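Participant:
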Amino acid sequence: MICIIMQLLRNVLGRACATYEEMVTLLCECESVVNGRLLTYLYDDPNELRAIKPSDFIKDKKGNETVDLDIVDVKHLCKRIRYLQSLRCQLCQQF
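Read left to right, the sequence shown gives residues -18 to -1, 1 to 77 (mature numbering (1 follows the signal peptide of the UniProt record, and there is no 0)).
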């Protein structure tokens, strides 16, 4: 991961010097490029599963589908939220 970021910075900067603000901006841009790349194969068939990216593990997924609130099991939902939060914390600790 660090090697990828270093290579991106070398390609962008070359031998140029950057100020602190420019470097922070470049690092944020590099982070978005790395987190936006696909981890799985992208199929031509739209019925296939969508390709995943590292950013899918970092950010909460916001869908536009609605759920009937009368059917939602609150205990299961709370348990699932705690589980996802623990997974996110474990992922953050790895990096």
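Using N, Cα and C, we set each Cβ at its ideal position, and we do this for glycine too.
None of the values given here were measured: they were computed from a predicted structure.
Please find out if some non-hydrogen atom of the ligand SAH comes closer than 8 Å to the beta-carbon of D27.
Facilitator: The ligand SAH is not part of this structure, which contains no ligands at all.
Participant: Quick one, which of P36, S37 and T22 has its alpha-carbon nearest E30's?
Facilitator: Taking the sequence shown and counting its residues from 1, the one referred to as residue 30 is at position 48. Comparing Cα-Cα distances from E30 to each of P36, S37 and T22, the minimum goes to T22.
Participant: Assuming V16 contacts I(-15) under a Cβ cut-off of 8 Å, what Cβ separation, rounded to an integer in Å, is found between them?
Facilitator: Working through the sequence shown from its first residue, we reach residue 16 at position 34. Working through the sequence shown from its first residue, we reach residue -15 at position 4. Right, their Cβ atoms sit about 6 Å apart.
Participant: Please name the residue in N(-8), F39 and M(-18) whose C-alpha comes closest to that of S68.
Facilitator: As a working note, residue 68 is residue 86 in the sequence shown. Nearest of N(-8), F39 and M(-18) to S68, Cα basis: F39.
Participant: Report the three-state DSSP secondary structure of K61 (helix, strand or coil).
Facilitator: Against the sequence shown, residue 61 aligns to sequence position 79. Helix, per DSSP.
Participant: Since I believe K41 is in contact with R19 (beta carbons under 8 Å), could you give me their beta-carbon distance rounded to a whole number of angstroms?
Facilitator: Start at 1 with the first residue of the sequence shown, and residue 19 comes out as number 37. Start at 1 with the first residue of the sequence shown, and residue 41 comes out as number 59. Contact flag wrong, Cβ pair sits at about 15 Å.
Participant: Nearest-angstrom Cα distance between V(-7) and L59?
Facilitator: Translated into the one-based positions of the sequence shown, residue -7 becomes position 12. Translated into the one-based positions of the sequence shown, residue 59 becomes position 77. Near 44 Å, if we compare the C-alpha coordinates of L59 and V(-7).
Participant: Give a yes or no on whether the C-beta atoms belonging to L(-11) and C12 are separated by under 9 Å.
Facilitator: Indexing the sequence shown from 1 puts residue -11 at position 8. Indexing the sequence shown from 1 puts residue 12 at position 30. Their beta carbons are under 9 Å apart, which means L(-11) touches C12 by this criterion.
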